[in-house]
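Report on the structure given below.
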Amino acid sequence: MPELPEVETTRNGIEPHLLGQTIQGIIIRQPRLRWPVPPQLKQLLPDQQIHAVERRAKYLLLRMDKGTLILHLGMSGSLRILPADTAPGPHDHVDLLFNNQCLRLRDPRRFGAVLWTQTDPAEHKLIRHLGPEPFSEQFNGSYLHAQSRRRRIAVKNFIMDGKVVVGVGNIYASEALFRAGICPTRSSNRISKGRYEKLACDIKEVLQEAIAQGGTTLKDFQREDGSAGYFAQHLHVYGREGEPCRNCGRPIIKQRIGQRSSFYCSHCQR
DNA sequence: AAATTCTCCTGAAGGC
DNA sequence: TGCCTTCAGGAGAATT
-7 MPELPEVETT RNGIEPHLLG QTIQGIIIRQ PRLRWPVPPQ LKQLLPDQQI HAVERRAKYL
53 LLRMDKGTLI LHLGMSGSLR ILPADTAPGP HDHVDLLFNN QCLRLRDPRR FGAVLWTQTD
113 PAEHKLIRHL GPEPFSEQFN GSYLHAQSRR RRIAVKNFIM DGKVVVGVGN IYASEALFRA
173 GICPTRSSNR ISKGRYEKLA CDIKEVLQEA IAQGGTTLKD FQREDGSAGY FAQHLHVYGR
233 EGEPCRNCGR PIIKQRIGQR SSFYCSHCQR
């Protein structure tokens, strides 16, 4: 499931192939993604040069002369760089065509998105109201503490709220809370500033380490060259129900928190 | 305002 | 073997 590290891994992978390249065309095999893929892209994209490949939250932004293509991988999406004549598979929904290669979006569950904006993407309605990037200076313990004062939701749901901080999905929320020694069900307004300072650092750390490993491949995620990410073997709690805690040896507990499966050690996390 | 539930979709896994 | 049910999840929309 692409969270921030997987999206950043993808950005790192595709950027060198796309910078300065001119789009020849787009093939839309399945326009029904999370939102319809705009049909006018077929007229709009040809001859446009890609100036930058950026990431904001889990959105990838391909900046061009006339606007920005906004891509989201949903939960099963992946982007690959392939020779232009590579035969598409059943879930290969969109191709961006270049001289002799293509950028291909594969997304079995079709929760992803391909959108277009002519104006500043930071003002796009999907992006405008998002919280800070986890690697920004603004995101720290004081910020988390201040944001959480009037909120009583479980801290795990709190750090997964995109208005609080972007990019922390189900896997890395569990992992960061394990590192911080905080029980995921604890009410967000009942955590001290000091513990939030540790949590903010641990969020930055776990995301950074995952990016260094090329992301986490559980099922769907592939890098731009088709290879897997290796962070899965560094996971301490996610997907480890019943297995021994790497710190104390007690079995990892699985519990649903807000419709999402969560994993933690009831001894190491309070 | 904040929290919860619903929704999109397909493939894997489990039950009988 | 095969059909049916359940679950997984990002995140906006709808509802409480």
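If you're matching positions, the first sequence starts at -7 in the working numbering and goes up one per residue.
Ideal Cβ placement from N, Cα and C applies to all residues, glycine included.
Fair warning: this is a prediction, and the values are worked out from it, not measured in the lab.
Output the boundary residues of the alpha helix (DSSP H) element that contains residue i.
i           : result
residue 138 : 133 to 140
residue 127 : That residue, residue 127, is in no alpha helix (DSSP H); it is neither H nor E in DSSP.
residue 255 : Looking at the DSSP string, residue 255 is not in any alpha helix (DSSP H); the run it does join, the beta strand (DSSP E), is 252 to 256.
residue 34  : 33 to 36
residue 148 : 147 to 151
residue 165 : 162 to 172
Who are the near neighbours of residue i in its chain, counting only those whose CB is closer than 6 Å to its CB and skipping five residues on each side?
i           : result
residue 132 : 192
residue 239 : 260
residue 145 : 180
residue 172 : 190, 191, 194
residue 55  : 43, 44
residue 116 : 109
residue 214 : 70
Under the three-state reduction of DSSP, which class applies to residue i: helix, strand or coil?
i           : result
residue 8   : helix
residue 188 : helix
residue 111 : coil
residue -6  : coil
residue 204 : helix
residue 224 : helix
residue 94  : strand
In terms of alpha-carbon separation, which member of the options lies closest to residue i?
i           : options            : result
residue 4   : 185, 53, 99, 117   : 53
residue 177 : 249, 67, 81        : 249
residue 232 : 201, 13, 75, 166   : 166
residue 234 : 214, 243, 226, 227 : 243
residue 118 : 142, 62, 17        : 62
residue 113 : 251, 44, 224, 198  : 44
residue 84  : 18, 160, 200       : 18
residue 216 : -2, -3, 2          : 2
residue 183 : 230, 134, 154      : 134
Starting from the C-beta of residue i, find all residues in its chain whose C-beta is less than 7 Å away, skip the five residues before and the five after it, and write them out in chain order.
i           : result
residue 222 : 205, 206
residue 137 : 185, 188
residue 93  : 9, 73, 74, 75, 76
residue 143 : 150, 180, 181
Checking 8 Å against the spacing of the C-beta atoms, do residue i and residue j come in under that value?
i           : j           : result
residue 36  : residue 58  : yes
residue 6   : residue 71  : yes
residue -5  : residue 50  : yes
residue 245 : residue 258 : yes
residue 0   : residue 203 : yes
residue 25  : residue 104 : yes
residue 174 : residue 147 : yes
residue 96  : residue 87  : yes
residue 38  : residue 20  : no
residue 152 : residue 67  : no
residue 160 : residue 124 : no
Starting from residue i, follow the beta strand (DSSP E) in both directions and report where the run begins and ends.
i          : result
residue 70 : 70 to 75
residue 51 : 51 to 56
Closer than 7 Å to a non-hydrogen atom of the ligand HEM - does that hold for the CB of residue i?
i          : result
residue 23 : Summarising the ligand content, the structure contains no ligands, and the ligand HEM is consequently not present.
Keeping to the same chain, check which residues put their C-beta closer than 8 Å to that of residue i; ignore five residues upstream and five downstream.
i           : result
residue 227 : 163, 167, 208
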